[in-house]
Structure formats: structure tokens, C-alpha cells
Amino acid sequence: MIRWFLFTKVGTSNFLCKSQSGFSYQQKFSLVNVKLKWVKDATLDDVVTFDKDLKAASTLVTLISSSPQRKLPIYHLVCHRGQLGLPIDLKLSTFIRRYPSIFLESHVLDTGGTRVPCFSLTREAQELRDEELHVFELNQSDLLSRLRKLFMLTRNLSLPLQTIDQLRWDFGLPYDYRLTFIPRHLDMFSFVKLPDKRDGLKHKIWDDELAVSELVRNSASQQIEEDMKSGCLAFPIGFTRGFGLKRKCMEWLKEWQSLPYTSPYIDASHLDPRTDVSEKRVVGVFHELLHLTLQKKTERKNVSNLRKPLALPQKFTRAFERHPGIFYISKKCDTQTVILREAYDGGKLLHRHRHPLLEIREKFAGMLREGLLDRSKGLYKKSRRVVVEEDDPTKHGSRLEFDIDTHEYYSSKLLDDKIGKMTIR
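First residue of the sequence shown: 25, per this note's numbering; consecutive thereafter.
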């Protein structure tokens, strides 16, 4: 449960800015040595737990459905293990077998003649994947705007591809965005070689209409003219119920909120990094970055590599600890995840922040839970499926699944009389 404190809406503070300029403030307000305690928030921890295994499973679904025959042997899937975020001691095949409601297992022979596992998708999983592709097409302009704004936060309008890879799940980009998404927008993006010799992506066009932060946009929509004119916008702040805030910290927070707000889309090199004004700009950058993500959260390690591209000072992530009313750091699932508090009501993402792709992810998560529960009850052991495959691998779609016990076909296509091979499990 979150208790909103001081500022339930942007600009509702009575501690408005005085007439001093940002430069004057940066000279008078040095960085105050304040660190607020971390307090566990079970409802926001559940948000992270909900995504456990979902990213890995969704990535595997994408890889399998994108293959020519819509099935892949395990040795091909292992090549992408680094992008799945699975524990090192967990075998990939073991993870896949946890979810028989999504993945079907058969076997193929490798080049050495060894029988190895091969995985495809259940009918329901493939249908949901097709629905996801449709939703993606309908919302491509929104995803494009999010990606463009991410690049406009950077100093040189460029990012390493490795950094984008780390953020693509949070931004809703397709796994193969380099081959499918970017080539459709080469008028805006180009692949480049960065000064450090890494492969990168560069945004070609600056758009002033896009260069408006969520905080400014909300303030304008709420017609908070006085705050807009003064340039002193306050962040929405909320604390976990039971959070104790000392008087000294409360006074500092009120004063900090009244400092000038520097847009994350403008050059802030004139700000002294040793001041609270500079720190408020850092908070503004991450406030905007999290707003650009689908679920208003990302793993802390994903932002650690953004210091140079975003022109941030050393130890910039300490802003998360110093402002637990704006950000919550969840320590679930053996990682640290930064969550934007204002986007959630308890453990639910506010409706105005919900993206259509999240509905697809929730359906996938439901299938994961269902398959894991049924497997734990042994339901999948009571039913044996026959997977029949054509000898000719060029004949796409010539596949039939038949449940021996229920006599139910799991494919809409009938096989020819000629059957190449059968695997019963």
C-alpha cells in the first residue's frame, strides 16, 4: 500500500519557486548529504515477480515462431541464452519443459546423428503470438515515438546496439528489431560505428514536438500556469505505508521539490554536478526514461551503461536511493528493478499507462502459470501426444499432433498418406 505524501499531483506543492534563476540556485544549493532508508513494498515486489520467466519464455516464443518451420532444436535456442536472463545453473531445456502449455517437444538428429530435443509451439501459443504481431503493427507509431524519445535523451542521438538490446523488452521492441523494425524507418535511423568501435544506432532527426517530458506534458494538461512559468515543477511522491520521514529529511525534500526543473531533453552541461539542482535533473532523466517503458520499470543494470550517452555524473544511480518516494527498488528475482511509483496503484499499473502489448504479455503469463500448475499436478503425464513430421523439411506446416488418450487433433491440417516419422511421448 502506497501512502502519497506531500505531492499527490504534479504542482500541488505550496512550496513554489522564488524568482531566482537556475544558475543562482545551483550556486546556493549544494548537494545535501541525505539518504532515505529503503522500505520493502510487497505490492511492487509482486510486479517484478509477475514477470519472472515471462521475458525468457516470450523471447523463445518469438525465436521459434520466426523460424521457417516454426520449430528449433535446442542447440539453436542455446545461442540466445544470454538474452534470456535465466540463472546460470538452469539448463535451457529444463526451463522450456516447465511450460508444456506453450512449448511442444519432439526430437531431431544433429549432424553427428545424435538425437536432440527440438521445440515448437502449441496451437494456443502460436495463436497468441500471431495476435501479438497484429497488436504490434497497430501500435508501431507509438513504439517508434518511444524509441525516438530515448535517443533524444542522449547527448549524440546515438546508442550502442548492446544497450538497445538490454532495453528492447522494456520498450516493447521486437526481438529482431535490427532486421524487422529499424529497416522500416531508415529515414530516421542509421546503423553506425561508434567512436569506441562498437556497433551502434543513430537517430537522424530531432523533433521539438517529441522533446517534451511527461512531467511538463502533465503540468500543461493540468494548466498549472504558475509552476510552468517559474520552471519549478514538482515530482509526484508517494511512500510505502509505514515509511517514517524525519523532520530534517522532510524539510530537505520540500526545498528540493521547489528547485528549478531542467528538461531531460536540453543540454545540462552548465549545471554543477555537486548541486541538488543537478540531481533534480538526473531524477528528471530517469523519470522520463521509465515513463517511456511499457511497464514503467527496468532493471537497474540496464541503466548502468547509460551514464555517458545520457551525460550523467558519476554515481548517478544513487538518485534512486535518495528518492524512494519517486522510485522503488525491488530486490526480487536476484536482481534490482527500478519502478516508477506514480505509475502504480498498489500493484496495478494505472489504466492511463497501460499499453496494448501488456495485455498480450498478461495472456502469456497466464499460460505460463496454467502450464506450470497442470504440470505440477501431473496432468501432462496422463496424456501422450504423437508428433508426426514429414521427411521433407521444405514442406512447411505438414505437421499433426494427435492425443492418443482423448483422440483430439491439435492441428487443422490433415496429413498425406505418406508419413515420414513419428515420435510418441
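We treat Cβ as the ideally placed atom computed from N, Cα and C, and that holds for glycine.
Please report the Cβ distance between residue i and residue j, rounded to the nearest whole angstrom; I am assuming they are in contact, meaning their Cβ atoms lie under 8 Å.
{"i": "Y289", "j": "A235", "result": "4 Å"}
{"i": "F195", "j": "L316", "result": "7 Å"}
{"i": "N326", "j": "L191", "result": "6 Å"}
{"i": "L78", "j": "A389", "result": "5 Å"}
{"i": "L373", "j": "I126", "result": "With 8 Å as the limit, L373 and I126 do not qualify as a contact, their Cβ atoms being about 24 Å apart."}
{"i": "Q360", "j": "E323", "result": "7 Å"}
{"i": "K11", "j": "C357", "result": "Residue 11 falls outside the range modelled here, since the chain spans only 25 to 449, and no answer is possible."}
{"i": "Y123", "j": "A80", "result": "Not a contact, Cβ separation roughly 10 Å."}
{"i": "P337", "j": "P284", "result": "The pair is not a contact, with the Cβ atoms about 17 Å apart (cut-off 8 Å)."}
{"i": "L318", "j": "R305", "result": "About 25 Å; that fails the 8 Å criterion."}
{"i": "Y99", "j": "V140", "result": "6 Å"}
{"i": "M212", "j": "R170", "result": "Not confirmed; about 13 Å, so no contact."}
{"i": "V71", "j": "K321", "result": "7 Å"}
{"i": "S354", "j": "T341", "result": "Not quite, the Cβ-Cβ distance comes to about 15 Å (not below 8 Å), so this is no contact."}
{"i": "H311", "j": "L364", "result": "7 Å"}
My output table needs one value for residue i: the three-state DSSP class, helix, strand or coil.
{"i": "H456", "result": "No statement about residue 456 is possible, as the shown extent of the chain runs from 25 to 449 and does not include it."}
{"i": "E233", "result": "coil"}
{"i": "G395", "result": "helix"}
{"i": "L5", "result": "The requested residue 5 does not occur in the structure, where the chain is confined to residues 25 to 449."}
{"i": "K387", "result": "helix"}
{"i": "R376", "result": "helix"}
{"i": "F340", "result": "coil"}
{"i": "P207", "result": "helix"}
{"i": "L334", "result": "coil"}
{"i": "I290", "result": "coil"}
{"i": "T118", "result": "helix"}
{"i": "K355", "result": "coil"}
{"i": "F195", "result": "helix"}
{"i": "F213", "result": "strand"}
{"i": "R94", "result": "coil"}
{"i": "L110", "result": "coil"}
{"i": "I88", "result": "helix"}
{"i": "S243", "result": "helix"}
{"i": "G308", "result": "helix"}
{"i": "R18", "result": "Residue 18 cannot be examined here, being either before or after the span of the chain that is shown, 25 to 449."}
{"i": "D75", "result": "coil"}
{"i": "L128", "result": "strand"}
{"i": "F263", "result": "strand"}
{"i": "D369", "result": "strand"}
{"i": "D70", "result": "helix"}
Starting from residue i, trace the alpha helix (DSSP H) in both directions and tell me its first and last residue.
{"i": "Y99", "result": "98–101"}
{"i": "F267", "result": "Where F267 is concerned, there is no enclosing alpha helix (DSSP H), given that its DSSP letter is neither H nor E."}
{"i": "D173", "result": "It should be noted that the sequence gives Lys, not Asp, for residue 173. Run containing K173: 164–176, per the alpha helix (DSSP H) assignment."}
{"i": "V63", "result": "V63 -> no alpha helix (DSSP H), and no H or E assigned at all."}
{"i": "S328", "result": "324–328"}
{"i": "L277", "result": "271–281"}
Near residue i, which residues of its chain fall below 6 Å by C-beta distance, leaving aside the five closest residues on each side in sequence?
{"i": "Q51", "result": "In this prediction, Q51 scores a pLDDT of 38, lower than 50, which makes its location untrustworthy; the coordinate-derived value is nonetheless stated afterwards. Nothing listed; no residue qualifies."}
{"i": "L277", "result": "none"}
{"i": "S48", "result": "In this prediction, S48 scores a pLDDT of 43, lower than 50, which makes its location untrustworthy; no coordinate-derived value is stated."}
{"i": "L114", "result": "none"}
{"i": "H379", "result": "L318"}
{"i": "D223", "result": "L185"}
{"i": "T204", "result": "P198"}
{"i": "E156", "result": "I384"}
{"i": "I120", "result": "F127, F143"}
Taking the beta strand (DSSP E) that residue i falls in, what are its first and last residues?
{"i": "T146", "result": "Neither: T146 is in no beta strand (DSSP E) and is coded neither H nor E."}
{"i": "D223", "result": "223–227"}
{"i": "T138", "result": "First-last for T138: undefined, no H or E at that position."}
{"i": "I363", "result": "361–364"}
{"i": "S182", "result": "182–184"}
Could you tell me whether any Cβ in chain B is nearer than 7 Å to the Cβ of residue i?
{"i": "T73", "result": "You won't find chain B in this structure, because it holds only one protein chain."}
Give every residue of the same chain whose Cβ lies closer than 8 Å to the Cβ of residue i, excluding the five residues on either side of it in the sequence, and list them in chain order.
{"i": "Q107", "result": "T83, D189, Y199"}
{"i": "M176", "result": "H227, W230, D231, L234, A235, Y289"}
{"i": "L174", "result": "L183, L191, F195, L313, L316"}
{"i": "R105", "result": "L116"}
By Cβ distance below 7 Å, which residues in the same chain neighbour residue i in space, the five residues on each side in sequence not counted?
{"i": "S214", "result": "K226, K228"}
{"i": "H377", "result": "K320, A367"}
{"i": "K387", "result": "L152"}
{"i": "D65", "result": "T264, Y352"}
The ligand MG and residue i: does the residue's C-beta get closer than 6 Å to at least one heavy atom of that ligand?
{"i": "R122", "result": "As presented, the structure is devoid of all ligands, the ligand MG included, so that no description of it is given."}
ask   = Quick one: any contact between the region 327–338 and the region 169–188, if contact means 3 or more CB pairs under 8 Å?
value = Output reads yes: the region 169–188 touches the region 327–338.
task = Flag this pair as touching only if the region 147–159 and the region 82–92 have three or more C-beta atom pairs under 8 Å; answer yes or no.
result = A contact exists between the region 147–159 and the region 82–92.
inquiry  = Counting beta carbon pairs with one atom in the region 104–119 and one in the region 206–219, are three or more of them shorter than 8 Å?
reply    = Output reads no: the region 104–119 does not touch the region 206–219.
task = Check whether the region 256–276 touches the region 237–244, taking contact to mean three or more Cβ pairs, one atom from each stretch, closer than 8 Å.
result = Three or more Cβ pairs drawn from the region 256–276 and the region 237–244 lie within less than 8 Å of each other, which places the two stretches in contact.
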